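Chains as they are written, first to last, in the numbering used here: chain A, 1 to 119; chain D, 1001 to 1100; chain L, 2001 to 2163; chain W, 3001 to 3337.
Here a beta-carbon is modelled for each residue, glycine too, at the ideal position from N, C-alpha and C.
Computed from a predicted structure; not experimentally measured.
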Amino acid sequence: MVQNWVPVLVFLILVTGFAVVSLAGSWLLGMKKPRPEKLVPYECGMKPIGTARDRFSVKFYLVAMLFLLFDIEAVFLFPWAVVYRELKIFGFLEMLLFMAAILGGYIYVWKKGALEWER
Amino acid sequence: MIPLNWFLTLSAVLFLIGMLGFFIKRNIIALLLSVEIMLNAVNLTFVAFSSRNGHVSGQVFVFFVLVVAAAEAAVGLALVIAMFRNRETLNVDRSNLLKW
Amino acid sequence: MIEALFFLFAAMAVGAAINVLVQKHVLYSALSLIVLLVSMSGLFILLNADFLAVINVIVYAGAIMVLFVFVIMLLNLPEDEDGADRMRWLKFLGIPMGLFLLFMILATLWNAGADAGVQAQMPGSPEAIGRSLFTDYLLPFEVTSLLILIALMGAVVFAKKEL
Amino acid sequence: MIDYLTNRDFLLMVLRLVIVFGGLMGAFAYLSLVERRVMAFVQMRPGPNRVGPFGLLQPIADGLKFLFKEQIRPTGANAWLYLAAPLISLVPALLSFSVIPFGPALQVTDLNVALLVVFAVGSLSVYGIVIGGWASNSKYPLIASMRSSAQMISYELSLTLSVVGVLMIGNTLSLVKLVQSQEGLWLGFIPRWNIFLQPVAFVIYIIAATAETNRLPFDLAESEQELVSGWHTEYSGMKFAIYMLAEYANLIAVSCIATILFFGGWNGPSFGPDWMVMILPTIWFVMKISVFVFFYVLMRSTVPRVRYDQLMRFGWKLMLPVALANILITSLLVALS
């Protein structure tokens, strides 16, 4: 029901307002005397070497993708768990089949070494 | 009470924006993002009709659209990574090896 | 009241969608798309599809877009290189065509006449969706798992160098 | 519109909202003190005790200091994203409290998908970390943000999957109904809490929640020795305070969900006059949360940090299979019963 969500919206406005006001307040009250040395990105006191925008290992992509895969499975599991008592053993078999395919992918990724972080 | 037409119009506008993005943008990730806009427009239509007809099927379809979008993003971005590795560019007009 | 919320979310969605196209750096486009997704969830709530609204945020904004942002960040992409493409004329074709199609759709919609509004009582609860998904749409549900499996394998093969 | 805004229900809602929000702010302020004091006692030192009796005014002093700190934005940082990242962290973290029932009468709103709302806003909090690290234009924050976001999404999975078993028993996604389903006693003395039915799920949940909130055995993101202070190295003053607030908000939120799902929420003995009957459930709830929070603080001061490869291996190769196995076994038992 839409009415039940109105408090969430009000809460959202309240929270955002609080955060913005506190940031703005500190911007108004806080000191602002920038000097180039002060604004250097922190690198243990040295001058920064090279650029900070570097490329990353493709493993992060694989982790995000595995997450996506299982997130979808979880999303199917929620409505399944809610109606599980009505589906009885039939629902169990359904989900077993679904999970078998997902687990196949999981084992495949495992065997391909996508989950190994120490190289 | 919001008329159904409003949702359909919004959906059409979003779909058009996504389509324009597909024409205008050349960066392959931007193209994928445009596709996501179009998928969302379609999702909105599904849910609007589901709500209009008081039937849950439209919403179940959105579930499947989500899965397809996830699969598309996973494979599409893997291709992006492979392409970037080989060509150091994401401009779709520059990866034209298969043309000749 | 509820109409105002519709216009708020619609304006957010259209603005975010246009911003996806306007931004030069693709990371900003992706972040803008997240705004679009969240406003889309707001629209779903207005349509009484609570469950779907939340799922939309979890899967789309919380997983698919994370994947996009990760790839953009780990490739460390430069700004859009729009300069030297030979397909630039597509833009001049695309915009009029798009506007024409938009006109067509709008004309059709408004000719269809003002329809009844969306119904207040709607089976958008997790229970209703679960019942439908695991009985009527059982086959698509199971095929979905295969689709995910294949997508996963394809993605690993494409993305991992040493295979 | 005016009618709606002066409606009694609406005013009640605003009242609840203000109570919840005010209570949370107080809780965050004093959590920062409690954490430092308890850690100090564990390490045999007094901790902050100068400002007010027992240091009770310390949070106020901290807040004022945060407010008057100098505004710094590192060179080359993306102005808007740098500013927006703490907000993106805090707003979802606090938003989850709009659906958490602190007592039968003290809940901002009751949704039939409340549990998923908490997970949804939790899944958005990754962006605060990623954007914050990326926008700072500094190396440590960037590394930390990639590490930390990969860690968060890995453990978010186990977190999400661990509650499915509870849902199968409760058959609802509404937090109020989940609490109500745990009312009463078994055999007259054992409370009907889900922890006795789902102990494995509880262990997985607690471990995953620790990783999800970047608490100590898993605080790879802010491992001080290697990455200075993680993705918020370049943040100072109020922006840093907002990040800290988000961290505490996440900590309390996962404790609330653990209490609701596994420890019967506000359920507890109820006695005395009417006003006590009304207030007691909230007191039980707050006490249960405090136990979790205290546990997290103790863990922070006792457990050593794990290595990143250990963390990822543990999450993907142990937690995930166990969570899935738990779901399958639970579903089999439920189907047979």
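Check: Going by alpha carbons, who is nearest to W:Phe3028 out of W:Leu3157, W:Trp3080 and W:Ala3249?; Outcome: W:Ala3249
Check: Roughly how many angstroms lie between the CA atoms of W:Asn3049 and W:Ala3258, to the nearest whole one?; Outcome: 32 Å
Check: Any beta carbon from chain A within less than 8 Å of L:Val2038's own beta carbon?; Outcome: no
Check: Quick check on DSSP: helix, strand or coil for L:Ala2084?; Outcome: Confidence at L:Ala2084 is low in this model, with a pLDDT of 48, below 50, so its placement is unreliable and no value can be given for it.
Check: So, for L:Leu2036: in the same chain, excluding its five sequence neighbours on each side, which residues have a beta-carbon less than 8 Å away from its beta-carbon?; Outcome: Met2012, Ala2013, Ala2016, Ala2017 and Val2020
Check: If you drop the 5 nearest sequence neighbours on each side, which residues of the same chain put their C-beta closer than 8 Å to that of W:Val3334?; Outcome: Met3168 and Ile3169
Check: Which runs of the alpha helix (DSSP H), 4 residues or longer, sit entirely within the segment 3285–3335 of chain W?; Outcome: 3308–3313
Check: Taking Cβ-Cβ distances shorter than 8 Å, what residues in chain L pair up with W:Val3200?; Outcome: Per Cβ cutoff of 8 Å: no residues; W:Val3200 is ~23 Å from chain L at best.
Check: Between the beta-carbon of W:Leu3296 and the beta-carbon of W:Leu3251, is there less than 8 Å?; Outcome: Inspection of the sequence shows that residue 3296 of chain W is occupied by Tyr rather than by Leu. A contact, by the Cβ cut-off of 8 Å.
Check: Please state the DSSP three-state secondary structure of W:Leu3017.; Outcome: helix
Check: How would you write the range of the alpha helix (DSSP H) that A:Val2 sits in, first residue to last?; Outcome: Val2 to Leu29
Check: Helix or strand or just coil, what does DSSP make of L:Asn2019?; Outcome: helix
Check: State yes or no: is the beta carbon of L:Pro2096 nearer than 8 Å to at least one beta carbon in chain W?; Outcome: no
Check: State the DSSP-derived secondary structure class of D:Asn1040, mapped to helix, strand or coil.; Outcome: helix
Check: Less than 8 Å between CB atoms is the rule here; does D:Val1067 satisfy it with respect to chain A?; Outcome: yes
Check: Is there a Cβ of chain A sitting closer than 8 Å to that of L:Ser2145, yes or no?; Outcome: yes
Check: Taking D:Trp1006 as part of the alpha helix (DSSP H), name the residues at either end of that continuous run.; Outcome: Leu1004 to Ile1024
Check: Is it buried or exposed, W:Met3312, if we count other Cβ atoms within 10 angstroms and call 16 or more buried?; Outcome: buried
Check: Within its chain, find whatever has a CB closer than 8 Å to the CB of W:Leu3031; leave out the 5 residues flanking it on each side and keep chain order.; Outcome: Tyr3248, Leu3251, Ile3252 and Val3293
Check: Quick one: grab the DSSP three-state call for W:Asn3250.; Outcome: helix
Check: Going straight from the alpha carbon of W:Phe3286 to that of W:Glu3212, what length do you get?; Outcome: Sequence inspection shows Val at residue 3286 of chain W; the Phe mentioned does not correspond to that position. Between W:Val3286 and W:Glu3212, the C-alpha separation is close to 21 Å.
Check: Does the structure place the segment 2001–2009 of chain L close enough to the segment 2025–2032 of chain L that three or more beta carbon pairs sit under 8 Å?; Outcome: no
Check: Select from the segment 82–100 of chain A all residues with a C-beta closer than 8 Å to any C-beta belonging to chain W, and list them in chain order.; Outcome: Val82, Val83, Tyr84, Arg85, Lys88, Ile89, Gly91, Phe92, Met95, Leu96 and Met99
Check: Shortest alpha-carbon distance to W:Tyr3235 belongs to which of A:Leu39, A:Trp80 and A:Val75?; Outcome: A:Leu39
Check: Using the C-alpha atoms, what's the distance from W:Ser3158 back to W:Phe3119?; Outcome: 12 Å
Check: What in chain W is Cβ-close to A:Lys38, meaning under 7 Å?; Outcome: Ile3072
Check: Looking only at its chain, what residues have a beta carbon closer than 6 Å to the beta carbon of W:Arg3174, apart from the 5 residues adjacent to it on each side?; Outcome: Looking at the sequence provided, one finds Ser at residue 3174 of chain W rather than Arg. The residues are Asn3112 and Ala3114.
Check: Find the residues of chain W that neighbour L:Ala2155, judging by a C-beta separation of less than 7 Å, and give them in chain order.; Outcome: The premise fails here: L:Ala2155 is roughly 16 Å from chain W at the closest Cβ pair, so nothing lies under 7 Å.
Check: Say whether chain A places a C-beta atom closer than 8 Å to the C-beta of D:Ala1070.; Outcome: yes
Check: Is it right to say A:Lys33 is buried, meaning 16 or more other beta carbons lie within 10 angstroms of its own, or is it exposed?; Outcome: exposed
Check: Tell me the DSSP secondary structure of W:Trp3186 in three-state form.; Outcome: strand
Check: Check for me: the alpha helix (DSSP H) holding A:Phe90 runs from which residue to which?; Outcome: Tyr84 to Lys111
Check: Under 7 Å Cβ-Cβ, which residues of chain D neighbour A:Met65?; Outcome: Ala1074
Check: Should A:Val8 be flagged as near chain W, meaning a C-beta pair shorter than 8 Å?; Outcome: yes
Check: L:Leu2147: beta carbon under 7 Å from a heavy atom of the ligand SAH?; Outcome: No copy of the ligand SAH appears in this structure; indeed no ligand is present at all.
Check: L:Val2071 CB to nearest chain A CB: under 8 Å?; Outcome: yes
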